[in-house]
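In UniProt numbering, the protein residues as written are 1 to 322.
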């Protein structure tokens, strides 16, 4: 298989592998082979897919430019495990979850098994790479701990504020990387203000004899990557909310790596936390990984004219307590 987004040249394919949610957008969900929710869908068209046609199928941001697609037919899929692994690999790579199947002109294939994908995502392989002192604006005595897995180039970090003590439960914030919000000051989300407020809350905790830990996770866009997040922004400009934008991309609304967060806490010697979050699902996800959440600490901040709808979607569709 060849990911549509990274293909080039005169490549063609008789069939494509896409996600179930993208298949629904393409009106395939009423066909028996595409009717099972969340199951990858193998399909073919009236003609073989060349790259422009395949990309128009894969990228919903192009739907308005290419409204007439199909007809398509869903095909029996006898290799669901491998198909699921392929779509998960696309998500990890931050590319569209769409593949040309048995493409012509793709060159030499590289062997990859479903087990290889699972091993890549195995949180137990994460280790502490190094530690250092890192004065930050909120706390000049902060320390940073970097984590790395043997096969993954995405380094996660933890910022520890205050003196670690077994007698005090740390205030913890699990913060997913947000280039647009954390660095560029985007007003479309609340990530930058949440990050800044969390650090200052931990500094205040340290001033009272407690301590805090910020887990900064390299999982842009809740795990879909920066390019796909910007594609979702483009769909939002067309009128879709954040949940529906991800769905039209064929990507999950929630793809954050909670096993890795739990592993980071374990490597730091932390098994009980006070979690700064407005999302009860985040509490449940960490507890499912063996982390005891002694308290959920609310972390709501004022909205602005650009993120009002985003926060409303968090509240109304994702269950955030705002």
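Here a beta-carbon is modelled for each residue, glycine too, at the ideal position from N, C-alpha and C.
Cα separation between residue 70 and residue 100?
Position 70 of the chain shown, counted from the first residue, corresponds to residue 70. Position 100 of the chain shown, counted from the first residue, corresponds to residue 100. Taking the straight line from one Cα to the other gives about 16 Å.
Tell me where the alpha helix (DSSP H) around residue 320 begins and ends.
Here residue 320 refers to the residue found at position 320 when the chain shown is read from its first residue. From DSSP, residue 320 is part of no alpha helix (DSSP H); its letter is neither H nor E.
Cβ atoms of residue 262 and residue 293: under 7 Å apart, would you say?
Translated into positions along the chain shown, residue 293 becomes position 293. Translated into positions along the chain shown, residue 262 becomes position 262. Cβ distance not < 7 Å, so residue 293 and residue 262 don't count as in contact.
If you follow the beta strand (DSSP E) that residue 155 is part of, which residue opens it and which one closes it?
Along the chain shown, read from residue 1 onward, the residue named residue 155 stands at position 155. Residues 152-161.
Given a cut-off of 7 Å on the beta-carbon distance, is the pair residue 235 and residue 248 in contact?
Mapped onto the chain shown, residue 235 falls at position 235. Mapped onto the chain shown, residue 248 falls at position 248. Their beta carbons are under 7 Å apart, which means residue 235 touches residue 248 by this criterion.
Assign residue 117 to one of three DSSP states: helix, strand, or coil.
If you number the chain shown from 1, residue 117 lands on position 117. It is helical.
Contact defined as beta carbons within less than 8 Å: I believe residue 214 pairs with residue 278. What is the distance between those atoms, to the nearest angstrom?
Taking the chain shown and counting its residues from 1, the one referred to as residue 214 is at position 214. Taking the chain shown and counting its residues from 1, the one referred to as residue 278 is at position 278. Contact doesn't hold; Cβ gap of about 16 Å is too wide.
In terms of alpha-carbon separation, which member of 135, 152, 150 lies closest to residue 144?
The residue given as residue 144 occupies position 144 in the chain shown. Looking at the Cα atoms, 135 is the closest of the given residues.
Alpha-carbon spacing of residue 207 relative to residue 169, whole angstroms:
Your numbering for residue 207 matches position 207 in the chain shown. Your numbering for residue 169 matches position 169 in the chain shown. Using only the alpha carbons, I get a separation of about 15 Å.
Span separating the alpha-carbon of residue 30 from that of residue 174
Residue numbering aside, residue 30 sits at position 30 when the chain shown is read from its first letter. Residue numbering aside, residue 174 sits at position 174 when the chain shown is read from its first letter. Those two C-alpha atoms are separated by around 40 Å.
Contacting residues, own chain, Cβ-Cβ under 6 Å from residue 267 (five flanking each side not counted)
Residue 267 sits at position 267 when you count from the first residue of the chain shown. Counting only Cβ-Cβ distances below 6 Å, and skipping sequence neighbours, we find 128.
Under the three-state reduction of DSSP, which class applies to residue 219: helix, strand or coil?
Start at 1 with the first residue of the chain shown, and residue 219 comes out as number 219. The answer is coil: DSSP assigns residue 219 none of H, G, I, E or B.
Please name the residue or residues paired with residue 272 in a DSSP beta bridge.
For the purposes of this step, residue 272 is identified with residue 272 of the chain shown, where counting begins at 1. Partner(s): 292.
Which residue marks the beginning of the alpha helix (DSSP H) containing residue 260, and which one marks its end?
Here residue 260 is taken as the residue at index 260 of the chain shown, counted from 1. Residues 258-267.
So, helix, strand or coil for residue 13, using DSSP?
For the purposes of this step, residue 13 is taken as the residue at position 13 of the chain shown. Looking at residue 13 - three-state DSSP - the assignment turns out to be strand.
Cβ neighbour criterion (16 or more within 10 Å) applied to residue 177:
Counting from one through the chain shown, the residue named residue 177 turns up at place 177. Residue 177 is buried by the Cβ-count criterion.
DSSP three-state assignment for residue 323, whether helix, strand or coil:
With the chain covering 1 to 322 only, the question about residue 323 has no answer from this structure.
I want to know whether the region 149-166 touches the region 185-194 - three or more CB-CB distances under 8 Å.
no
Where residue 52 sits in the DSSP three-state scheme
By one-based count along the chain shown, residue 52 stands at place 52. Looking at residue 52 - three-state DSSP - the assignment turns out to be helix.
Cα-Cα separation between residue 315 and residue 104, rounded to whole angstroms:
If you number the chain shown from 1, residue 315 lands on position 315. If you number the chain shown from 1, residue 104 lands on position 104. One C-alpha to the other measures close to 46 Å.
DSSP state of residue 60, grouped into three classes?
Against the chain shown, residue 60 aligns to sequence position 60. Helix, per DSSP.
For the putative contact between residue 16 and residue 2, defined by C-beta atoms under 8 Å, what is the C-beta separation to the nearest angstrom?
Here the question's residue 16 lines up with position 16 in the chain shown. Here the question's residue 2 lines up with position 2 in the chain shown. So it is not a contact: roughly 10 Å between Cβ atoms.
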